[in-house]
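Below is one structure, written out as structure tokens; comments come after it.
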Amino acid sequence: MKFTIDSELLAFTLLNSLPKTAEWSTFTSALINSVDPAKLTFDDLETRIVAEAGRLNPSGTPESGLIAKGK
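Each number in my numbering corresponds to the 1-based position in the sequence shown with 207 added.
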């Protein structure tokens, strides 16, 4: 069975899966209030999350599941 999940649904699923911390709740609220939900794509959200993760953790030391490194 093969089916397609649209980018908007995937973006909101990703947004809902972020850590439940004050920083990420603020990020989520700000994003929802500043972006037209119909125009939010998975790729756009991914870029914003990576930027926010870098801002929250400038040292680059992984403190959550958002940062993954290859061997």
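The beta carbon of each residue, even a glycine, is placed where N, CA and C say it ideally should be. Quantities reported herein were computed from a predicted structural model and do not represent experimental measurements.
- By the beta-carbon neighbour count (other beta carbons within 10 angstroms, threshold 16), alanine 258 is exposed.
- Taking a contact as a CB-CB distance under 8 Å, the pair arginine 262 and leucine 238 does not count as one, their CB atoms being some 13 Å apart.
- The C-beta separation of threonine 235 from serine 214 comes to about 18 Å, leaving the pair out of contact by the 8 Å criterion.
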